[in-house]
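As structure tokens, the structure follows; a few thoughts come after it.
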Amino acid sequence: MRDLLTLPKAHLHVHLESTVRPETVAALADAHGIVVPPLPEAFDGFTQFAAHNGVVRSCLQRPSDFARIAREFCADEAAQGTRYAEVTFTAAAHGERLGDPGMPLLAVLEGLAAGQAEYGIEVRVILDHPRRRSLERLRTTLRLAVSHPEVVAIGVAGEEDHPLTPFADVFREAAEAGVGLVHHAGECCGAASVREALTLGRADRIGHGFRALEDPSLVAELRDRAVPLEVCPSSNVALGLAGSLSSHPLPLLVDAGLVVTLNTDVPSATGATLTSEYVAVREAFGYDDSAMAAFSAAAVSASFAAEDTKVRLRKEIDTWMGRDQVNTC
Ligand SMILES: [Zn+2]
Numbered sequence: 234m235r236d237l238l239t240l241p242k243a244h245l246h247v248h249l250e251s252t253v254r255p256e257t258v259a260a261l262a263d264a265h266g267i268v269v270p271p272l273p274e275a276f277d278g279f280t281q282f283a284a285h286n287g288v289v290r291s292c293l294q295r296p297s298d299f300a301r302i303a304r305e306f307c308a309d310e311a312a313q314g315t316r317y318a319e320v321t322f323t324a325a326a327h328g329e330r331l332g333d334p335g336m337p338l339l340a341v342l343e344g345l346a347a348g349q350a351e352y353g354i355e356v357r358v359i360l361d362h363p364r365r366r367s368l369e370r371l372r373t374t375l376r377l378a379v380s381h382p383e384v385v386a387i388g389v390a391g392e393e394d395h396p397l398t399p400f401a402d403v404f405r406e407a408a409e410a411g412v413g414l415v416h417h418a419g420e421c422c423g424a425a426s427v428r429e430a431l432t433l434g435r436a437d438r439i440g441h442g443f444r445a446l447e448d449p450s451l452v453a454e455l456r457d458r459a460v461p462l463e464v465c466p467s468s469n470v471a472l473g474l475a476g477s478l479s480s481h482p483l484p485l486l487v488d489a490g491l492v493v494t495l496n497t498d499v500p501s502a503t504g505a506t507l508t509s510e511y512v513a514v515r516e517a518f519g520y521d522d523s524a525m526a527a528f529s530a531a532a533v534s535a536s537f538a539a540e541d542t543k544v545r546l547r548k549e550i551d552t553w554m555g556r557d558q559v560n561t562c
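Numbering of the sequence shown is given in the working numbering, commencing with residue 234 and proceeding in unit increments.
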């Protein structure tokens, strides 16, 4: 079996605010006089996770705070063999909290630029919007997205039973502006949330989406349209949405012919890295190197990366598989 650390990987679903190193959280908390409760052994559900995540977010205040976590994200991802990442960031929420709509994203982009140059990784940004928040904030999110070419998509996250209807016009405007749409759905709620993300939400990809399995006709539609799913097994287990990794429905999604990518979602909460996610999936389900390379290739294809980046990454994956000669003959 090949080393999955060296498999060139694309990471499509990871929240920047949930990648902050423990020592960075401690340093920022200290600088701002914030008390951060220790991470629990295990979260008792999404609400407890969200509360802890909120405290970490409150530690992000100065431009240098945002730039620091973005640069460290590049370093930590590159160390895991991630060659390309689309990192999710709740820019408008931070801007609203700090009274400066543009600063948090600008600072993150500055940190990402430095990190990409230093660590040889390519990173783009997805701006997310909690569903329970206002239409106006989503409009701010879209404005930020269209103002910065590094932002490839926007999308909604959070309570999936909160309807998308109020946001439909913004999704249409985003699609018309060439901004991608990636929504969390089928994580906490059922197949109906995935269908809503596809229809009202015009989703190019689905964050999580594993509950689509409840509806065979939806599975068929996802397969026929080749809509990629950003599957995050260790997050699902940590947040109590799957009983265990071995009982996670990931193999059912693969066997149904869906486009499955592997992601960490909230690595600082679970302790997972993208490599450990791949290793855990291989160990739990017995996939061979070819199958693991296929997960990585699926993420490359499902990304918003430029075509030349996709071609380069596919070649790197082929090299990892020792398929160079096959391709050059
Ligand atoms: Zn997520």
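Every residue gets a Cβ at the ideal spot worked out from N, C-alpha and C, and that includes glycine.
Since the structure is predicted, the reported quantities are computational estimates derived from the model, not experimental observations.
Original post:
residue 422 and residue 393: beta carbons closer than 8 Å?
Top reply: For the purposes of this step, residue 422 is taken as the residue at position 189 of the sequence shown. For the purposes of this step, residue 393 is taken as the residue at position 160 of the sequence shown. Yes, Cβ-Cβ distance for residue 422 and residue 393 is below 8 Å.
Subject >> C-beta contact flag for residue 462 and residue 429 at 8 Å >> reply: The count along the sequence shown starts at 1 and reaches residue 462 at position 229. The count along the sequence shown starts at 1 and reaches residue 429 at position 196. The answer is no: Cβ separation not under 8 Å.
**OP:** With DSSP as the reference, please indicate the residues paired to residue 361 in a beta bridge.
**Re:** The count along the sequence shown starts at 1 and reaches residue 361 at position 128. In DSSP, residue 361 forms a bridge with 388.
**OP:** Express the C-alpha separation of residue 445 and residue 425 in angstroms, rounding to a whole number.
**Re:** On the sequence shown, residue 425 is found 192 positions in, with the first residue counted as 1. On the sequence shown, residue 445 is found 212 positions in, with the first residue counted as 1. Taking the straight line from one Cα to the other gives about 8 Å.
Original post:
Do you know whose CA, among 417, 379, 390, lies nearest residue 406's CA?
Top reply: Your numbering for residue 406 matches position 173 in the sequence shown. If we check each option's Cα against that of residue 406, 379 comes out closest.
Original post:
Just to confirm, does residue 440 get its C-beta within under 7 Å of one of the non-hydrogen atoms of ligand 1?
Top reply: Position 207 of the sequence shown, counting from 1, holds the residue named residue 440. Correct: residue 440 has its Cβ closer than 7 Å to ligand 1.
Subject >> Complete alpha helix (DSSP H) runs within the segment 436 to 521 (minimum length 4 residues, chain order) >> reply: 449 to 457, 466 to 471, 483 to 488, 500 to 503, 507 to 518
Original post:
If we count the other Cβ atoms within 10 Å of its Cβ and call it buried at 16 or more, is residue 561 buried or exposed?
Top reply: Locating residue 561 in the sequence shown gives position 328, counting from the first residue. Residue placement at residue 561 is flagged as unreliable, the pLDDT there being 40, under the threshold of 50; the coordinate-derived value follows with that caveat. Under this definition residue 561 is an exposed residue.
Original post:
Are the beta-carbon atoms of residue 246 and residue 490 separated by less than 8 Å?
Top reply: Translated into positions along the sequence shown, residue 246 becomes position 13. Translated into positions along the sequence shown, residue 490 becomes position 257. No, the pair does not count as a contact, with Cβ atoms beyond the cut-off.
Original post:
Comparing the CB of residue 522 with every heavy atom of ligand 3, is any distance shorter than 7 Å?
Top reply: In terms of ligand content, the structure shown lacks ligand 3 and carries ligand 1 instead.
Subject >> Separation of residue 486 from residue 454, as counted between CA atoms >> reply: Within the sequence shown, the letter at position 221 stands for residue 454. Within the sequence shown, the letter at position 253 stands for residue 486. Near 13 Å, if we compare the C-alpha coordinates of residue 486 and residue 454.
Original post:
Just to check, is the beta-carbon of residue 324 closer than 7 Å to a non-hydrogen atom of ligand 1?
Top reply: Taking the sequence shown and counting its residues from 1, the one referred to as residue 324 is at position 91. No, since every heavy atom of ligand 1 falls outside the 7 Å radius drawn around the Cβ of residue 324.
**OP:** Starting from the C-beta of residue 528, find all residues in its chain whose C-beta is less than 6 Å away, skip the five residues before and the five after it, and write them out in chain order.
**Re:** As a position in the sequence shown, residue 528 is number 295, starting the count at 1. Taken in chain order, the residues that qualify are 495.
Subject >> 7 Å Cβ shell around residue 241 - same chain, five flanking residues per side excluded >> reply: Indexing the sequence shown from 1 puts residue 241 at position 8. Cβ neighbours of residue 241 beyond the five flanking positions: 314, 316, 529, 546, 549, 550, 553.
**OP:** Check whether the Cβ of residue 246 lies closer than 7 Å to any heavy atom of ligand 1, and answer yes or no.
**Re:** The count along the sequence shown starts at 1 and reaches residue 246 at position 13. Yes, Cβ of residue 246 sits closer than 7 Å to a heavy atom of ligand 1.
Original post:
According to DSSP, which residues form a beta bridge with residue 321?
Top reply: Within the sequence shown, numbered from 1, the residue matching residue 321 stands at position 88. Residue 321 is bridged to 248, 359.
**OP:** Check the Cβ-Cβ distances between residue 440 and every residue of chain C, and say whether any is below 8 Å.
**Re:** Chain labels in this structure do not include chain C; a single protein chain is all it has.
**OP:** Name the one or two DSSP bridge partners that residue 414 has.
**Re:** Against the sequence shown, residue 414 aligns to sequence position 181. Paired residues: 387.
Original post:
What's the gap between the Cα of residue 307 and the Cα of residue 342?
Top reply: The residue given as residue 307 occupies position 74 in the sequence shown. The residue given as residue 342 occupies position 109 in the sequence shown. Approximately 11 Å, taken between the alpha carbons.
Subject >> Span of the alpha helix (DSSP H) around residue 369 >> reply: As a first step, residue 369 must be located in the sequence shown, where it is residue number 136. It spans 368 to 380 - the alpha helix (DSSP H) in which residue 369 sits, taken as one unbroken run.
Original post:
Does the distance from the C-beta atom of residue 472 to that of residue 322 stay below 8 Å?
Top reply: Residue numbering aside, residue 472 sits at position 239 when the sequence shown is read from its first letter. Residue numbering aside, residue 322 sits at position 89 when the sequence shown is read from its first letter. Going by C-beta atoms, residue 472 is not nearer than 8 Å to residue 322.
Subject >> Nearest neighbour of residue 539, chosen from 292, 318, 303, 285 [CA to CA] >> reply: Within the sequence shown, numbered from 1, the residue matching residue 539 stands at position 306. Among 292, 318, 303, 285, the Cα nearest to that of residue 539 belongs to 318.
Subject >> Classification of residue 276 by the beta-carbon crowding that lies within 10 angstroms, buried from 16 upward >> reply: Within the sequence shown, the letter at position 43 stands for residue 276. Residue 276 should be labelled buried.
Subject >> Proximity of residue 302 and residue 253 at Cβ, strictly below 8 Å >> reply: As a first step, residue 302 is located in the sequence shown; it is residue number 69 there, counting from the start. As a first step, residue 253 is located in the sequence shown; it is residue number 20 there, counting from the start. Cβ distance < 8 Å, so residue 302 and residue 253 count as in contact.
**OP:** Please look up how many angstroms separate the CB atoms of residue 389 and residue 400, rounded, as I've assumed it's under 8 Å.
**Re:** Within the sequence shown, the letter at position 156 stands for residue 389. Within the sequence shown, the letter at position 167 stands for residue 400. Going by Cβ atoms, the distance from residue 389 to residue 400 rounds to 7 Å, so yes, they are a contact pair.
Original post:
Using DSSP with H/G/I as helix, E/B as strand and the rest coil, what is residue 315?
Top reply: One-based indexing of the sequence shown puts residue 315 at position 82. Residue state, collapsed to three classes: strand.
Original post:
Ends of the alpha helix (DSSP H) at residue 550?
Top reply: Here residue 550 corresponds to residue number 317 of the sequence shown, with the count starting at 1. Taken as a continuous stretch (DSSP letters only), the alpha helix (DSSP H) holding residue 550 covers 540 to 554.
Original post:
Looking at the structure shown, is residue 275 part of a helix, part of a strand, or coil, going by DSSP?
Top reply: The residue given as residue 275 occupies position 42 in the sequence shown. Looking at residue 275 - three-state DSSP - the assignment turns out to be coil, as it is neither helix nor strand.
Subject >> Inter-residue CB distance, residue 413 and residue 385 (contact presumed, cutoff 8 Å) >> reply: Within the sequence shown, numbered from 1, the residue matching residue 413 stands at position 180. Within the sequence shown, numbered from 1, the residue matching residue 385 stands at position 152. Contact flag correct, Cβ pair sits at about 5 Å.
Original post:
Between residue 558 and the rest of its own chain, which residues show a CB-CB distance below 8 Å, the 5 nearest in sequence each way excluded?
Top reply: Here the question's residue 558 lines up with position 325 in the sequence shown. Unreliable positioning characterises residue 558 in this predicted model, as indicated by a pLDDT of 47, which lies under 50. The coordinate reading is nonetheless provided below. No residues qualify anywhere along the chain.
Original post:
Taking 7 Å as the cut-off, is the CB of residue 535 close to at least one heavy atom of ligand 1?
Top reply: For the purposes of this step, residue 535 is taken as residue 302 along the sequence shown, with counting starting at 1. No, the Cβ of residue 535 stays beyond 7 Å of every heavy atom of ligand 1.
**OP:** May I ask whether a heavy atom of ligand 1 can be found less than 7 Å away from the beta carbon of residue 390?
**Re:** Within the sequence shown, numbered from 1, the residue matching residue 390 stands at position 157. Because some heavy atom of ligand 1 lies under 7 Å away, the Cβ of residue 390 counts as near it: yes.
**OP:** Out of 505, 435, 479, 483, point me to the one whose CA is closest to residue 442's CA.
**Re:** Reading the sequence shown from its first residue, position 209 is the one you call residue 442. Residue 483 is the option with its Cα nearest to residue 442.
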